[in-house]
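Heads up: the structure comes next, in C-alpha cells.
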Amino acid sequence: MDATGIVPRIHIVGRKNAGKTTLVCELVGELSRRGLRVATVKHTHHNHELDTPGKDSHRHRISGAVAVGVLSAEMTGVFIPQRRETDEQTRYAVFRKLFQDVDLIVVEGDLSTTALKLEVWRSELRSDPYAASDESIGVVISDDNPAVSCEVWPRDGLSKIADHLLQRLKLPVSG
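The opening position of the sequence shown corresponds to residue 28 in the working numbering, with each subsequent residue numbered one higher.
So this is what it looks like as C-alpha cells:
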C-alpha cells in the first residue's frame, strides 16, 4: 500500500504471444521472494461467462444477486456483474477492497487503463510495439531495441525488472 493508503496497480500489456503471462508469473515469484504480497488480475476483453451456468452460484446471480461468493475450504471466488459502461476506477475498486492487505496488484492486460503499463514486446511477432503509438505506456520490456519514446528494460534481467519496478513504485522490501 502506498502513502495514500491505495494499493499500487501495474498492468503488463502486449500483443498475443508476447510473453505477458510468463512475465507476470516470473515477476510475482520474484517479488514474493523479496517479501512482497502480490495479487494478480487477468483482464479480458472477451465477454464470456466466468461462472458455470446451471450451478447454484450462477442461479443466485441470474436471480438478481448483486454479488455472489463461492467458498470452499481451499478457495474463495466472487462474481460481481458489471455494466459495460462502468469506468476504470469503479471496475478496479472491487480489487482495492478485496486485496487491501497486499503490496501490489499486477494486472495482465487492459490497454485502456490509466495505471502504469509495462509492455512486453518481441520483434519476432512482426508488429510494432503499442508504445510506438501509445504514449500512455510507461515501459517496454524487450530483448530488442524498439523505437519508442518510453524507457526500455531488458527482458532477460528479471531481478533488474523487479528492482526498477520497486524503485519506480517506491515500494519497501522486507525480504
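Virtual Cβ for every residue (Gly too), placed ideally from N, Cα, C.
Local Cβ density within 10 Å of residue i, reported as buried at 16 or more and exposed below that
i    : result
D128 : exposed
L58  : buried
Where residue i sits in the DSSP three-state scheme
i    : result
R36  : strand
V129 : coil
T71  : coil
S84  : helix
A159 : helix
S176 : coil
A189 : helix
T103 : strand
Straight-line gap, residue i to residue j (C-alpha atoms, nearest Å)
i    : j    : result
G169 : L152 : Before going further, note that residue 169 is Ser rather than Gly in the sequence given. When rounded, the distance between both Cα atoms is 12 Å.
C52  : A159 : 25 Å
D78  : S90  : 14 Å
R149 : G184 : 15 Å
R36  : S186 : 19 Å
Residue i - partner residues in DSSP beta bridges
i    : result
A66  : I132
L145 : I39 and V166
Q) Taking one C-beta from the region 156 to 168 and one from the region 92 to 100 each time, how about it: are there three or more such pairs within less than 8 Å? A) Contact fails: fewer than three Cβ-Cβ distances are below 8 Å.
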